[in-house]
Structure formats: C-alpha cells, structure tokens
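The structure appears right after this line, and notes come after that.
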Amino acid sequence: MSEVNKGVLVTGVIGSDTHIVGNRILSRALEQEGFRVVSLGALTPAAEFVEAAIETNADAILVSSLYGQGELDCDGFRDLCTEAGLSDILLYIGGYLVVGDQPWEEVRIRFRDMGFDRAFPPGTRPSDVTNVLEQDIAARRADAKQGA
Amino acid sequence: MSEVNKGVLVTGVIGSDTHIVGNRILSRALEQEGFRVVSLGALTPAAEFVEAAIETNADAILVSSLYGQGELDCDGFRDLCTEAGLSDILLYIGGYLVVGDQPWEEVRIRFRDMGFDRAFPPGTRPSDVTNVLEQDIAARRADAKQGA
Amino acid sequence: MGNATITDQDSQIRPLSQDKIPRDEFLKMRDENLARWSCGGDVDLDEAAAYHKAMVPEKHHAHVSRHAVATGACLTQPRGGFATLDMHKDLLQKLEVDGLADILPTTTDSYTRNERFGQAADGLTASEAKGRSLLNGFPLVNHGIDRIREIVDQVNRPIIALTGTAMPRMTGEIAYAGGMTGYLGSGIAYTTSYTKEFSIADGIRNYQYLDRLAALYLEKGVELHRRQPSFLTGTNVTPSIGIMVAVLDALLAAEQGVKHYGLELTQVMHPIQDAASIAACKDLVQEYLHRAGHKDVFTPVSSLHWMGAWPANRAQASAMVVYGGFIAKVGGAHNVTTKSTSEALGIPTPEYNAEGLVMSRMGIYLARDFTFEGHPEYQLEKEMIELEVRTILDKVLEMGNGDVAKGATAAFEAGVMDVPWSPNRGCQSLIMPARDDKGYLRILDPGKMPFPKDTLRYHRDQLQQRADNKGITFGPDLAIDSVYELSEEMAKLMPYPLAS
Amino acid sequence: MGNATITDQDSQIRPLSQDKIPRDEFLKMRDENLARWSCGGDVDLDEAAAYHKAMVPEKHHAHVSRHAVATGACLTQPRGGFATLDMHKDLLQKLEVDGLADILPTTTDSYTRNERFGQAADGLTASEAKGRSLLNGFPLVNHGIDRIREIVDQVNRPIIALTGTAMPRMTGEIAYAGGMTGYLGSGIAYTTSYTKEFSIADGIRNYQYLDRLAALYLEKGVELHRRQPSFLTGTNVTPSIGIMVAVLDALLAAEQGVKHYGLELTQVMHPIQDAASIAACKDLVQEYLHRAGHKDVFTPVSSLHWMGAWPANRAQASAMVVYGGFIAKVGGAHNVTTKSTSEALGIPTPEYNAEGLVMSRMGIYLARDFTFEGHPEYQLEKEMIELEVRTILDKVLEMGNGDVAKGATAAFEAGVMDVPWSPNRGCQSLIMPARDDKGYLRILDPGKMPFPKDTLRYHRDQLQQRADNKGITFGPDLAIDSVYELSEEMAKLMPYPLAS
Ligand code: B12
Ligand code: B12
C-alpha cells in the first residue's frame, strides 16, 4: 500500500443485508477518485470488516446498511475495532440505518453514540462523501504523526 | 297546491354560482320522492328565492352554493325571508359553502348562525336529505297548526 | 355597470356576424368599455405593448407554448387565485417554486366573472379583514394594472387569466394591460357553461371584442395567447361535443385576426378516448381553419384533468391527478391543466395545488414518449369522433350560410348544437351522456343533435350493456349514475372481486 | 442451525436434478429439517391440511387467484411486516380495512430469511422492549404456528409469506402450517438476488423442498399458492431476463408437482415495455411448461411496482404508485404488488402502506378495460422479448441435456444466464442494462449472455442515442445513471422546457 493514494477504505454491506447496488456504485466512485478500496460486498459480518481493515492497514471503514436492521448489526462495532487495536480508525456509515422513516437527526446521534464518526442519510451520492472523507483522513494521518 | 304532496320546495343555486348539476339532480330526486319542486336553476339572486317561496307558499327553501362565495351571498338571507313575512320557512343549504376545505363543524355553525335550519356538507346525496326534510316539514306544519 | 348595456349597444350598431370588427369601430367600442369602471381608464395600449415587449420571452405565454409544441413537451398549468394581493402572490410563488408550474394561473372570483366589481370590492375588503379569502379567485379588475404588474414582475413564468365568464371585455383589457400573456375563454363555450340568461349571440360578441383586442396587440408586435375552454360544463362532455365547440370558437377568433389560439379539452377518464380526442381535436381544428382560409393559426391543445365530480379520498384523487398528466402526454397535448387531491374538498391550499402539479409532472414523465398511434381501438375511436364532429359541424356551418356566428346561434336555437348539463336557457341541454361498461363516455340521448346513425347506434348498444350489467334502467338514471361514478368511494367503485 | 448443513447432506444423498423428490425420501428430509428449530416439531401436516380445509375459500390465495383470472381482475397486494404480534396484527388490519388489500402480506425480517432465528429472537425482544420494530419484518418462525393462526383467524383475506430467502425450508413449513396460503420465493431468483456465497444449486434444492411440500399439501386436497419472484435484484432487470428466470423456476416447480405457480415481474417503468413483458411472460411460461409436458399448471402473473430506487418526494412517488396499478391492469396482470410513497424514506407506516394500496387500486380502475393488443410498438417489443427469451432458454435447456436444474446451474456458471447487479458470487453479473432515450430498458453490455444479434444491435443503437443526447459516455456510466434516474428530483428529471 503506497502513500500516493488518498487513503485505504474498506467497504461492505453489514449483516444479512443484500442491498449491494449503492455500495458498489460508491466503491467504484471512490476508487475513481483515487482511494484504494477493499470491497467486501453484501452480507458481510462485522468481524470481516475489522479483519480486512487490519490486513490492509485501512484509514477508514465505510459500512453500508440499507435494510433497516443496521441498528442491531452495528451494536458494538466500535468496540470490535478497539479490541482489534483499531482504536482510531475512521468509521462511516450510510444508508437506511433504521426501520422506517425516523427523524434523521435522532438517527445520526444514535449512530454517533455507537461510535461512528459520520453517518449519511438516504439519498447520499458519492460526490457528497469524497471531500469530507479526504479531509477526515488527512486529519487522522496528521494526528497519527503528531502522536508519533 | 294540494296538501297531498310532501311539501313545496324552492330550489336554486345562489349568487353568481353556475354549478347546476347537483342542484338539478337533487331537485329531480325530491320530485320523484313526492315533493313539489320549484326549481330556479343556477345564478339565482337571494331575492328570487324569497319571491318564489311567497308565490308558491313553499314549506322550505333549499339553497345550493358550490363555488365558495356562499358565505357572502347568504349574508342576510334569513332577514330577507323574515322581512317578506316568511319568518318560519325552513331554510336548508348544501354544497361547498366556503372557500377551501374548512372544518365542517365550524362551517355548519357559521351557517346556523346565519339562520339556516340545516346545512349539508359536500358529498351529500339526495337520499341523505329526503327523510329529514319530510320530518322537518311535518314538524313545521304541526307547529303552524298549533300556532293557528 | 351591467355588461348588458354594452352588448345591447353593440347589437344596435352591429348585427351578429363573424366579420372582423373594423379598427375604428373597435376603438370606439374600447372607449365605451373602458369607461365603465374606474381603472379602465388606466389602459394605454401602446404603453402596454411596450411593457410586453420589454418582458423576457420566458414570461410570454405564446413563446412558451410555441416552444412546447416545437419540442414535444407537455406544459403544466394549475388553476388558482385568492382575494388579496399577498395571498395571491404567495400562491403563485409556491406554484412556481414548489410545483414547477410551467404556466401560472390567475383565476378570478365569480363576482368579477359576472362584472359585479362592486361586490368583488366588498369581498376583497372582507377577505383582508378576516385574513382569509372569501372570494373564490383574484378580483383582477379591482386590483388593477399596477398591482398585476407587481405580480408579473415577481414571477418567472407566463401568467394566464382564468376568468370563466361570458363577459371578458373588462377583465381582458386589464389582464393583458397588466402583463398577463394568456387569457382563457370563448363565446360559445363559456356562455353555455357559465351563464343562465345570457344569450349565446351576446357571448360571441363579447369574445369577438376580446379576440379583436388580441389581434390589435399582434398588430403592435405582441403575440398573446388566447385560449378556448371546451370543458364546457365539465360534466361528462363527450369528446365530439367539446371539439365541435372548440372548432366554432376557433373559427370565430380567427376571423377577428387571432393567430395563436389554444384549445382545451376535458379528460373523460378513459385512456383511449382521451388520447383519441386530443389527436382528433388537433386535426379537426386545423382542418376547419384551413377550409375557412386560415392557414397560419397556431392551435396548441391543452388537456384538462377530469372536470366532473371527484372522490373525497386523497389517495383516490391522486390517481386521477397522475392519470391526468400521464394521458395528456400520451395523447400529445402540449399543456395540461392540473387539479389537486383537494378537488372534492374545496379550493386547494397552495401546498396541495403545488403537489398536484408535481404529481402531474411525474405522470407526464412516466408517459415517456409513446403514443397510441396505430392501436386499433384508438383508431376506431378517433374515426368515430371525427365523423361525429364533421357531420354536425357541416350542418352548423350550413345553417349559417357560411357565417360561423350565425350558424352557431341558429344551431343552438334548433338544438343541432347542444351542451349537456348546461345552466343556460338558450341551450336546450337535452343531450345526455353516460358511461358505458368499458368506461367510455357515450351518448345516451342525442337530444336534437344530428349524430350519424351508425355511431349513435354504437353508443347506445354499449350503454345498453352497462344498463344490463349494472341493473340500471336505460335512461336518465344511467346519466346520473355516471355523474357520480368517479366520486364514489373506492370500496364501491371496485369492490374486492369475490364480493362482486 | 446453519442451513448449509441441510443442503450439504442433501447433496450427498441426491445429486442435483430436476426430478421429483420421491415421497419417502421427502418425508425423511422433512423430519431432518423440522428438527432444526424448536417450533419445527409443531408441524403436523394432516392437522395443517385440515385447518386449511376448514378455512373459508376467500382466505385461500389459490382460490382468490383463480377467481381473479376468471373475472379478469387485478388483485392488489402490499408488502409489510413488523416484529411483534401486535404491530403486525395492526398492520394487516389497516391494510385490509383502509387499504382494501385483496391479498395480505407477511414480510419476514432479514435474520429469519437467513435462518438466523437466534438473532431474530433477540431482535424481537428488543422490539418489544423499545415499543418499535427493530426488525424489518415479522419473524414468523419465532412466533410459531399458533400465533400465525391467531392472525389468520383475525383477517378476511389470504395471507402470502414474503420471505426473500434462498433458505425457505423452515419458513415454508411454518407459514403453510400456520395457515398462510401463499409463499413467494424460488431457487434461482432468490439465490441470485438475496445471497452472496450460497450456490445456485443449493438454492434450487431448497426450493425443490418447498415445492415438493406444496405438492404434498395438494395430494391432501389443499391447493396452495406458490409464487416466483422475478424481480431479482430489482435494479433495471430487463423483461427478457426476468422471464427467463421465471420460466426456469416454473419448470423446476412443475417437476415437483406444483399445479399453481404465480410469476412476478418487476415493472421497468415504460408503459409499452411493461405491458409487453406481462403478456410475453404469460405466454412463454405456458409455452415452456407445455413443451415439458406440464399442461395443467395454473400460472397467474403479478406485476410489481418499480423495484429500483424511488424518489424521496411523495408527490413524485405517488405517480409511480399510481402508474404501477394502472399498467399492471393494462398489461393484463392478475395481481399487483404495491409500494407506497414512503419507498425511498423507509419501511412505510401502516397508514402510508394502505394509502399506496388505494392509489394503486384507483390506478387499476382508471385503466378500465383497454389493452395494447394490436399496437405496433407493443407488438414489436413483445416479439423482441419472446425472441430473446427463446434464444437463451433453448440454449440453457440444451446445456442441461433436458434437465432444467442442471441446465440452469451450468448456464449461470458459464454466464449464459446472468443477473444484473447481483450480490451472488456464483453469478457473473456482467450484464449491464441501461435506459434508452425513449425510456425503454435496454441491454448495454450482455456479458456472456447469447442474445440474438438483431435485438442486441437494436438495444445498443437506442442506448447510443441516449449517450449522445445526454452527453454520457457509452459504458458503465450510462448504467449507473439509469440506476439513479427515477430517484432524481422532479426539477432535474423534467426541467422547465425552456431551460433544457
Ligand atoms: C433495490 C432495492 C432492493 C433490492 C436489492 C438488490 C440488491 N442486491 O442490491 C431487493 C429487491 C433485493 C431488495 C430487498 C429488500 N429490501 Co430493499 N430496496 C431497494 C430500493 C428500492 C433501492 C435501493 C437501491 O439500490 N438504491 C440505489 C442506490 C444507488 O442507492 P443506495 O442503496 O441508497 O446507496 C446510496 C446511498 O445510500 C449511499 N450509501 C450507501 N451506503 C453507504 C455507506 C456510506 C459509508 C456512505 C457514506 C454512503 C452510503 O451512497 C449510495 C450511492 O449513492 C430501496 C428503496 C429506495 N431507495 O427506493 C429498498 C429498501 C432499501 N429495501 C428495504 C427492505 C426492507 C428490503 C427487504 C427487507 C424487502 C422488503 N422491502 O420488505 C429486502 C431485504 C433483503 C435483504 N436481506 O437485505 C427498505 C429498507 C427500509 C428501512 N430501512 O426502513 C427500503 C428503503 C424500501 C422500503 N421503503 O421499505 N431491496
Ligand atoms: C363540475 C364542476 C364545475 C363545472 C360546473 C358545471 C355546471 N354548470 O354545473 C364548471 C367547470 C363550470 C365549474 C366552474 C367553477 N368551479 Co367548479 N366544480 C365542479 C366539480 C368538479 C363537480 C361539481 C359537481 O357537479 N358535482 C356533482 C354533483 C352531483 O354534486 P354537488 O354539486 O356537490 O351536489 C350534491 C351535493 O353537494 C348536494 N347538494 C348540493 N346543493 C345542495 C343543497 C341542499 C339544500 C342540499 C341538502 C344538498 C345539496 O346534493 C347534490 C347531489 O348529490 C367540483 C369539485 C368536485 N365536487 O369534484 C368543483 C368545485 C365545486 N368548483 C369550484 C370552483 C371554485 C369553480 C370555479 C370558480 C372555477 C375554479 N375551479 O377555479 C368556477 C365557478 C363558476 C361559477 N361562477 O360558479 C370549487 C369550489 C371550491 C370551494 N367552495 O372551496 C370546487 C369544489 C372545486 C375545487 N376544489 O376548487 N365547476
């Protein structure tokens, strides 16, 4: 993994969720933007995200959850990362995170409290993500350097 | 005018209102039910209702107003009747009595306060009217006899 | 202030005919007309023409219509108007921004329509006092030219005046001078659907005035959109009747020098019949205009959302709104006049009105680019419509010895032309339409209209089937049942199949 | 508890083939299956058959479907399921009473679909604790037979289990024993759209079990509704691909003895293409069943509301809902699976779900009785679909040497059969559809599917036009643009014409 890329990302759809289309389009777009994307596809258990992140020394994990059960699937996700030594990895999540049309602000806070750095509502387009992701990764790398 | 009929009714659409269809169907149905109906048609000034009621010694005036300006057109209608000596004539009104979709109960009360004995909401069918009209006329005639 | 005065004077000066009003005579008529109400004096035609010319083309109805025809687009246009300036401004704002209306409306109130400007003034005052509209539209004459221009300047779309009336002389002058670029109305259509005692001849005269006015603007380089409303009484008006009236009114307008004349047809709520009627209307209007020597009149066709009784349930109504956009596009209309899910509940709020526009627009989108061209049932229906229109119109024109105005009035008097459910005493209203078992609007009773025998037999056979299947006596009850049909509750309209 | 165990065992006993599972062997398989989860033991087939027989015919999906076909009706059926018994009961109540659903749904949650009954139990507990559904459906195995019957007894309509899964053995047993009379799912369709690692062969085996179960009920005098879901990934699945899978799954079911097998096709949102695909599906399924000697399989067709991405704006979405009912009826579908204006917002509330039903139902009503039969563009489209389906299916059957199961698995391996946007690793998913300039779904890249040269050229020519007109490079971007298309905001989808 060279440093020339804008960052290494692990993407996938968590749990028993088969909605792959948006995740695939997002992964393709991020790759075209210069990120290195490790794409785990649909129906991916939480643990697999973490393993892939360790293996690839990823900057961020981008979790998709569309089918409504993300709230159950993501319970403890940050802890899994921390236990695996990925305490400072960036965690993004996007999609239809809960069952039904719940006020987005509440949902966002619920997922922030679960340890996700950012949550993205339905309707998000790749172009809504790239800039902020680049900045977050840069900031994270700067922090890491300072820490070192 | 013989007493064999169930009552003499004056019908029409008040003001500058051209919505004749419902009024015509209603008039026809009431006639078939055994009322004598004097039908003034669309675009009928308030004063014409009163004149026709006097001429035909009507039991009731059935005003239609569909176009939303009924509130303006019917202002003072009861007074007109009273001034013409028809103080105890039954006054019904039906249709879309105000502009927009206002809570029916408020509208009903507004028209009751304007002197209408009954007001009927949009969607009223002739069959919703006949019975209550027959009873009201019977009651009115009974009152008149007692009064006499 | 009564309009009757004006037409009475006219009839003394000018016997009814289709002929173009001579310029000088017309200028005199204008003076008399404008003197009737205070703000009439504010109209200065040259100044108004200059104002129009200074407007961006996107605000010219005529320009936008021509563009729609050129690109095959179907424009959306709602109806709507409130009493006060602020309410009306707010309405148009929402229709433009949230509803994406291509054309903005200004519906006038019913007092204005009947030239009862005094009553309209009272209604306006009461509305301002109560903070809600007591008028069912915008009293444009009372507001006057400057306030109309305030609105015109605020929006980015053309505005059409929707002022259902047989008396358009004052509203027409003020609307056009105010910068509205479209005006809906015509002599035969509106007189038969909006008046009781008014004669069709006087209605024609009044619209000859308006059409002549539009021609005068054109002479000054301003193309205005004039439009004819063949929805008539909106109540089960069959395509052929709508089109006959459309053609007659179009011929009358063309004689006055109008070169841009839209036609409106109400939807009957049968997909094939609706599409066929739009196509037939396009062809027939041009056919008769050409026959009369008018080869350069531009006649875009508007399809109108169902004009009869609507269901109170919003989900049901939304299907009718969507259908309305969809079928307008399929049929090849260049404009659709939209309603909302509030139709059976009362004049819609700006929000519901805008929602109806978006529903319609998405309906248009979903129609993609297909047409019914070549579909056998569609071809049959279109041919029947054309046969009926030609049969009766030729008779009407014959009755006028080549003069459309005379032919039309004579035909109405004789019942050769007729309009169902008309409140007008000059219209026999013997014709009775009803819906057949497949959902087509058919003619139950032609009254005295000389329909071709074959199509009439077809209509009645189809209706007999419905009578049999529905257990309704063949006769007026069938027509009344059809008035209510689409307003019925879903559960009655289409019961769970096992229950039926 | 993993389902893999079960299919692994099967493969040792039974090499993959289309052959009917012998009765004895099947009974053994059932025992093994039912032993996997506590409530499996509650299934008593004879008792269940007796329960079904005691139900009024109106609650039998098979009966209602046959009635719809006989009367030409188009039934409405929503999707929907909530975690707890009370929430789910309330939902079905509203769908029946307010929505007038002809068929009631029970969507299972995604843990149940993947036979993670333990996780489903946790989700159910959490939902009960929080008072809101944390599961995206009704965990029917955890609730068990008695509670399902409590629901069945409460409603007056048939219930279909909608349990998108490649592992239907347990849910199928419990749903049918609980008195549900329909079950949606099939081996090829659901394995390619709902799983990642699961093999198509195992998916086929699992549905052979379910189909064999339905046949067993039939032997006991109970006709159940089995249904195949050719919406696949719901994402721009072209008609021909959907129909190919429908035919293959239908043949597999028929071999197991199923006599009542519905087919589902997702709408592509082009009126002509949608109608053509429904008609083609009806014909082709019967054609191939007949060829295989199955002359008595009843195959009603369901049309599904758009399965791809929806717009977030409710007014826009309502147009798609209405269109969905309308076109299902026009195309001659006997059922429409409805969505709501909440589609792009999240699982709908019971109220919005019911509203979607009424919108659809009114859409059906407004389609009246017309069809596209005889319409040139429609006939062309239908012929193209038929040619494509026959060309590829014949190849698939050839690959299996007359065995559908073998042919299908071999074809997927070789890419001769393919599904766009599939998450399944056993499916190459090279095929790329996109929308052309007239709104038809076309094939941009056939992957390895042997489409007829002529139709393929046609597809690509049409797409090239779109690429040119829209300024998008001919390639994947065109496909991605088509994924988003219908979810775009109105203002982007159809801008004010002058702006474009
Ligand atoms: C297509 C579809 C399907 C297909 C999926 C095919 C496939 N293999 O991908 C099929 C038909 C198989 C399907 C099945 C189901 N579906 Co579905 N499906 C949809 C639908 C219609 C479109 C999804 C889509 O592809 N959108 C297009 C893509 C491009 O957008 P996207 O997925 O939203 O992704 C974008 C963004 O969200 C964002 N994004 C996504 N992930 C991430 C991650 C990060 C980190 C970031 C920054 C951004 C981001 O970027 C993406 C690209 O722009 C939606 C409703 C809708 N949106 O209209 C329902 C929907 C997602 N499905 C839903 C459900 C419930 C189901 C089912 C349970 C069946 C059902 N409806 O009852 C099953 C579940 C199957 C399973 N086990 O997972 C629900 C979820 C409800 C909720 N959360 O409240 C929805 C919302 C429909 C609804 N209103 O009920 N579905
Ligand atoms: C058809 C129609 C027209 C036709 C009328 C043709 C004609 N000559 O009759 C045309 C197209 C000409 C027309 C014009 C206008 N209309 Co209009 N029209 C309708 C429509 C679509 C149906 C009316 C109808 O015929 N219903 C069928 C009959 C059988 O029902 P009905 O009229 O309601 O009558 C029944 C009951 O109300 C009751 N009833 C009626 N009167 C009485 C009286 C008594 C005493 C009793 C007991 C019962 C009773 O019994 C009748 C029989 O069942 C309604 C909306 C709707 N309902 O869907 C709008 C509607 C009535 N119109 C309306 C308006 C505003 C107008 C216009 C101003 C134009 C506009 N929309 O901007 C003009 C006004 C013209 C004028 N000067 O009057 C509004 C009124 C709004 C409000 N009050 O808030 C409505 C509600 C539409 C809307 N939502 O905006 N209209």
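Protein chains in written order, with my numbering: chain A, 594 to 741; chain B, 594 to 741; chain C, 710 to 1209; chain D, 710 to 1209. Think of the CB as a built atom: it goes at the ideal place given N, C-alpha and C, for glycine as much as any other residue. Please read all numbers here as calculations on a predicted model, not as lab measurements.
Exercise. What do you reckon, is the C-beta of I686(A) under 8 Å from a heavy atom of ligand 1?
Worked result: Set against 8 Å, the gap from the CB of I686(A) to the closest heavy atom of ligand 1 is smaller.
For this session: Tell me, please, whether the CB atom of E906(D) is closer than 9 Å to any CB atom in chain A?
Result: yes
Problem set entry | Nearest neighbour of R734(A), chosen from D652(A), V631(A), V603(A) and I618(A) [CA to CA] | D652(A)
For this session: Scan the region 703-733 of chain B for residues whose Cβ lies nearer than 7 Å to a Cβ of chain C and list them as they occur along the chain.
Result: Interface annotation for the region 703-733 of chain B against chain C: P715 and G716, criterion Cβ-Cβ distance under 7 Å.
Exercise. If we cut at 9 Å on Cβ distances, does A635(A) have a partner in chain D?
Worked result: yes
For this session: Let me know if K991(C) comes out buried or exposed under the rule of 16 or more other beta-carbons within 10 Å of its beta-carbon.
Result: buried
For this session: Report yes if the C-beta of T944(C) is less than 8 Å from at least one heavy atom of ligand 4; otherwise report no.
Result: For the structure depicted, ligand 4 is absent and the ligand set comprises only ligand 1 and ligand 2.
For this session: Can you tell me which of Q828(C), A962(C) and S908(C) puts its alpha carbon nearest to the alpha carbon of I730(C)?
Result: A962(C)
For this session: Could you work out which residue in N650(A), D710(A) and V700(A) is closest to V692(A) when comparing CA atoms only?
Result: Of the listed residues, the one whose Cα sits closest to V692(A) is V700(A).
Exercise. For R1175(C) versus R1144(C), is the C-beta spacing smaller than 9 Å?
Worked result: yes
Problem set entry | Residue nearest to K798(C) in terms of C-alpha spacing, selected from I857(C), L1202(C) and G853(C) | I857(C)
Exercise. Is W697(B) near ligand 1, going by C-beta to nearest heavy atom under 8 Å?
Worked result: No; taking the cut-off as 8 Å, the Cβ of W697(B) has no heavy atom of ligand 1 nearer than that.
Exercise. Per the contact definition of three or more C-beta pairs closer than 8 Å, is the region 949-969 of chain C in contact with the region 921-939 of chain C?
Worked result: Segments in contact, yes.
For this session: Please go through the region 617-653 of chain A and give each complete alpha helix (DSSP H) segment of 4 or more residues, from N-terminal end onward.
Result: 639-649
Exercise. Which of the residues in the region 825-843 of chain D, read from start to end, lie with their CB under 8 Å from any CB of chain A?
Worked result: R825, Q828, D831, G832, A835, R841, S842 and L843
Exercise. Whose Cβ in chain B lies nearer than 7 Å to the Cβ of R1023(C)?
Worked result: Identification of chain B residues near R1023(C) by a Cβ-Cβ cut-off of 7 Å yields none; the smallest Cβ-Cβ distance measures about 11 Å.
Exercise. Are any of the Cβ atoms in chain A nearer than 9 Å to that of S895(D)?
Worked result: no
For this session: Please state if the CB of D920(D) and the CB of R935(D) are separated by a distance shorter than 9 Å.
Result: yes
Exercise. Hey, G881(C) and G846(C) are a contact pair by Cβ (cut 8 Å); roughly how many whole angstroms apart?
Worked result: At roughly 15 Å, the Cβ-Cβ gap does not stay under 8 Å, so G881(C) and G846(C) are not in contact.
Exercise. From the beta carbon of D672(A), is the nearest beta carbon of chain D less than 9 Å away?
Worked result: no
Exercise. What residues in the region 981-1001 of chain D bring their beta carbon closer than 8 Å to a beta carbon of chain C?
Worked result: I981
For this session: Compare the C-beta of R822(D) against all C-beta atoms of chain A and say whether one is closer than 9 Å.
Result: yes
Problem set entry | For F628(A), the nearest candidate out of I607(A), I702(A) and I654(A) (CA to CA) | I654(A)
Exercise. Can the beta-carbon of S902(C) be found closer than 9 Å to that of G943(C)?
Worked result: yes
For this session: Quick one: list the residues of chain D neighbouring I613(A), beta-carbon separation under 7 Å, in chain order.
Result: Result: W1130 and P1132.
Problem set entry | Short-range partners of chain D found in the region 647-676 of chain A, where Cβ spacing is below 7 Å | Y660, G661, Q662, E664 and L665
Exercise. Cβ of S986(C) within 9 Å of Cβ of L974(C)?
Worked result: yes
Exercise. Are the beta-carbon atoms belonging to L925(C) and L754(C) less than 9 Å from one another?
Worked result: yes
Exercise. Going by the C-beta, is T815(C) closer than 8 Å to any heavy atom of ligand 2?
Worked result: no
Exercise. Between the C-alpha atoms of K905(D) and A639(A), what's the straight-line distance to the nearest angstrom?
Worked result: 15 Å
Problem set entry | Test: E767(D) CB closer than 9 Å to a CB of chain C | yes
Problem set entry | Start and end residues, alpha helix (DSSP H) containing Y1087(D) | P1085 to M1108
Exercise. Under a CB-based cut-off of 9 Å, is P948(D) close to chain E?
Worked result: In the structure shown, chain E cannot be found, because the protein chains are A, B, C and D.
For this session: Please find out if some non-hydrogen atom of ligand 1 comes closer than 8 Å to the beta-carbon of L1102(C).
Result: Flag unset: Cβ of L1102(C) not near ligand 1.
Problem set entry | As assigned by DSSP and simplified to three states, the class of S1011(C) | strand
Exercise. How far does the beta strand (DSSP E) with G971(D) in it reach, from first residue to last?
Worked result: Y970 to T975
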